[in-house]
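Colleague:
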Amino acid sequence: MAPIPIAFIDAATAMGGAEAVLLGIVQHIDRQMVTPHLICHPGPMAVAFEPWCQVHQIELPRLRNSLKAPVDLLRSSRAIRRVLHEADIRVAINMGVRSSLYAALASGKIPLIWYVQDILASGWYTHFMARRICLALAPSRAVADALPPEVPCEVVPNFVDLATSDAQIAAAPSQRERLQISPSAPLVGMVGSLRPWKGHADFIEAMAKVHQRLPSARFVIAGGDIFNLGAHYEADLRNLAKQHGLEDALIFTGQLAEPQQLVHACDVLVHCSLQPEAFGIVIIEALAASRPVVAYDRAGPHEIIRHDVDGLLVAPDDAAALAEGVIALLLNPAHARELGRHGRQRVAAHYNSHRSVDLFTQLVLGCVRGTQ
Numbered sequence: 080m081a082p083i084p085i086a087f088i089d090a091a092t093a094m095g096g097a098e099a100v101l102l103g104i105v106q107h108i109d110r111q112m113v114t115p116h117l118i119c120h121p122g123p124m125a126v127a128f129e130p131w132c133q134v135h136q137i138e139l140p141r142l143r144n145s146l147k148a149p150v151d152l153l154r155s156s157r158a159i160r161r162v163l164h165e166a167d168i169r170v171a172i173n174m175g176v177r178s179s180l181y182a183a184l185a186s187g188k189i190p191l192i193w194y195v196q197d198i199l200a201s202g203w204y205t206h207f208m209a210r211r212i213c214l215a216l217a218p219s220r221a222v223a224d225a226l227p228p229e230v231p232c233e234v235v236p237n238f239v240d241l242a243t244s245d246a247q248i249a250a251a252p253s254q255r256e257r258l259q260i261s262p263s264a265p266l267v268g269m270v271g272s273l274r275p276w277k278g279h280a281d282f283i284e285a286m287a288k289v290h291q292r293l294p295s296a297r298f299v300i301a302g303g304d305i306f307n308l309g310a311h312y313e314a315d316l317r318n319l320a321k322q323h324g325l326e327d328a329l330i331f332t333g334q335l336a337e338p339q340q341l342v343h344a345c346d347v348l349v350h351c352s353l354q355p356e357a358f359g360i361v362i363i364e365a366l367a368a369s370r371p372v373v374a375y376d377r378a379g380p381h382e383i384i385r386h387d388v389d390g391l392l393v394a395p396d397d398a399a400a401l402a403e404g405v406i407a408l409l410l411n412p413a414h415a416r417e418l419g420r421h422g423r424q425r426v427a428a429h430y431n432s433h434r435s436v437d438l439f440t441q442l443v444l445g446c447v448r449g450t451q
């Protein structure tokens with residue numbers, strides 16, 4: 080049987096976590112079974128995907144609060160539809176809220192899969208998509224359970240390519256040297272885009288408590304304002320760190336091309352989103368690097384981490400509890416290593432690329448068979 084042409088539709092303007100997951104799918108998907116295409120907004124995403132699949136760049140302007148929304152929606156949807164028909168696409172996969180109206184209008188009779196990477200409130204949008212799709216895919220039960228009951232949904236966990244992770248980790252020892260952090264200093268990290276809901280303020284408050292107990296500890300915030308949401312946010316965080324006496328102990332690295340190297344250089348990773356996180360890709364990246372995670376106990380992190388087996392779960396929105404968890408691991412490095420070892424095993428068993436991409440492929444092909 081010839082490979083089935085499929086198309087991902089994504090209007091993202093930067094390579095965030097969801098886009099990294101999609102890139103992993105495209106890199107690992109079996110070309111004997113499917114031929115992947117990407118329809119996306121011009122920009123960094125198109126550049127990242129061009130070595131891996133056929134990329135079709137189409138302007139996909141933001142529709143919300145735009146007076147030009149009807150014109151933009153009609154024009155860009157027509158352009159998407161032309162690509163779908165010229166490439167003989169058999170299944171279209173919508174990859175985000177911003178692209179969903181374009182995908183729904185353009186796909187016509189082509190089966191449409193909704194790949195949901197956010198915990199969405201039920202409303203007109205979710206019910207509209209429920210009527211338009213043949214299937215929804217979610218990275219966690221937290222995402223799937225938030226969808227309307229009429230939405231057919233399957234969970235396909237996000238994943239890490241362990242071989243790639245290990246190759247990146249090989250360069251990790253240089254990270255401490257690059258950041259001028261002593262090899263013997265306890266190092267605690269937070270990795271993620273600079274957005275207020277990610278909880279950087281809670282991290283800083285918690286790490287101030289850690290620093291009071293362990294003055295030799297050092298801390299790092301890795302990530303940048305990739306979505307251009309406001310340069311003032313990093314300045315506010317730096318001021319907050321100074322207020323807590325961390326100006327000499329906390330490093331801001333900016334956006335990193337390969338954060339896995341920094342993850343491995345840390346002793347403990349912290350995940351403290353203020354909103355329920357759909358998944359938390361950095362958590363499984365840390366576990367893949369055999370590093371324990373201390374996280375707020377809700378949504379995606381609750382599903383990934385087994386408390387005191389491969390990480391620690393603490394009460395949400397409790398910076399003091401975060402600090403206590405981190406201190407406990409830094410004071411007991413043998414236990415931290417044990418959690419990290421179990422975390423690596425968990426990723427290998429449940430969050431590996433082969434398992435998730437194979438499941439994704441079978442579900443996509445099932446939508447094709449359902450229309451034949």
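Residue numbers (this note's numbering): 80 to 451.
C-beta: ideal position from N, C-alpha, C; glycine also.
1) In this structure, does DSSP put G103 in helix, strand or coil?
2) Leaving out five residues on either side along the sequence, give the residues of the same chain with a beta carbon under 7 Å from the beta carbon of Q339.
3) What residues in its chain sit with their C-beta under 7 Å from that of Q48, if we drop five residues either side in the sequence?
4) Using only the alpha-carbon positions, how far apart do A413 and I283 sit?
5) If you check the beta carbons only, do L214 and I189 fall under 8 Å apart?
6) When the Cα atoms are used, what is the spatial distance from L329 to A81?
7) Look up P232 in the DSSP assignment and say whether it is helix, strand or coil.
8) Tell me the start and end of each unbroken alpha helix (DSSP H) in the region 250-275 that is at least 4 residues and wholly inside, in chain order.
9) Taking the alpha-carbon positions, what's the I64 to E382 distance?
10) What residue does the alpha helix (DSSP H) around P338 start on, and which one ends it?
11) Closest by CA to H323, which one among L142, G404, A280?
12) What does a CB cutoff of less than 6 Å around A402 pick up in its chain, not counting 5 residues either side in sequence?
13) According to DSSP, simplified to helix, strand and coil, what is W203?
14) According to DSSP, simplified to helix, strand and coil, what is L408?
15) Going by beta carbon distance, what residues of the same chain come within less than 7 Å of Q334, once the five residues before and after it are set aside?
16) Cα separation between A221 and A357?
17) Sort P130, H120, A200 by Cα distance to A182 and report the nearest one.
Modeller: Inspection of the coordinates gives the following:
1) On the sequence shown, residue 103 is found 24 positions in, with the first residue counted as 1. Residue state for G103 is assigned as helix, using DSSP reduced to three classes.
2) The residue you call residue 339 lines up with position 260 of the sequence shown. Excluding positions up to five away in sequence, the list reads S244, Q247, I248, E364, A368.
3) Since the first and last residues shown for the chain are 80 and 451, residue 48 lies out of range.
4) To locate residue 413, count along the sequence shown from 1; it is residue 334. To locate residue 283, count along the sequence shown from 1; it is residue 204. Taking the straight line from one Cα to the other gives about 25 Å.
5) On the sequence shown, residue 214 is found 135 positions in, with the first residue counted as 1. On the sequence shown, residue 189 is found 110 positions in, with the first residue counted as 1. Contact flag unset, no.
6) For the purposes of this step, residue 329 is taken as residue 250 along the sequence shown, with counting starting at 1. For the purposes of this step, residue 81 is taken as residue 2 along the sequence shown, with counting starting at 1. Roughly 54 Å between the two C-alpha positions.
7) Numbered from 1 along the sequence shown, position 153 holds the residue referred to as residue 232. According to the sequence displayed, residue 232 carries Cys and not Pro. C232 falls in the strand class under three-state DSSP.
8) The alpha helix (DSSP H) runs lying completely inside the region 250-275 and spanning 4 residues or more are 252-257, given in chain order.
9) Beyond the ends of the chain as shown, which are 80 and 451, falls residue 64; an answer cannot be given.
10) Within the sequence shown, numbered from 1, the residue matching residue 338 stands at position 259. Note, P338: alpha helix (DSSP H), 338-344.
11) As a first step, residue 323 is located in the sequence shown; it is residue number 244 there, counting from the start. Here the closest residue by C-alpha is A280.
12) Translated into the one-based positions of the sequence shown, residue 402 becomes position 323. A285, K288, V289.
13) Reading the sequence shown from its first residue, position 124 is the one you call residue 203. Correct three-state label for W203: helix.
14) The residue given as residue 408 occupies position 329 in the sequence shown. Looking at L408 - three-state DSSP - the assignment turns out to be helix.
15) Within the sequence shown, the letter at position 255 stands for residue 334. Within the same chain, Q334 has close Cβ partners G302, G303, I305.
16) Here residue 221 refers to the residue found at position 142 when the sequence shown is read from its first residue. Here residue 357 refers to the residue found at position 278 when the sequence shown is read from its first residue. So the two alpha carbons sit approximately 6 Å from each other.
17) If you number the sequence shown from 1, residue 182 lands on position 103. Among P130, H120, A200, the Cα nearest to that of A182 is on H120.
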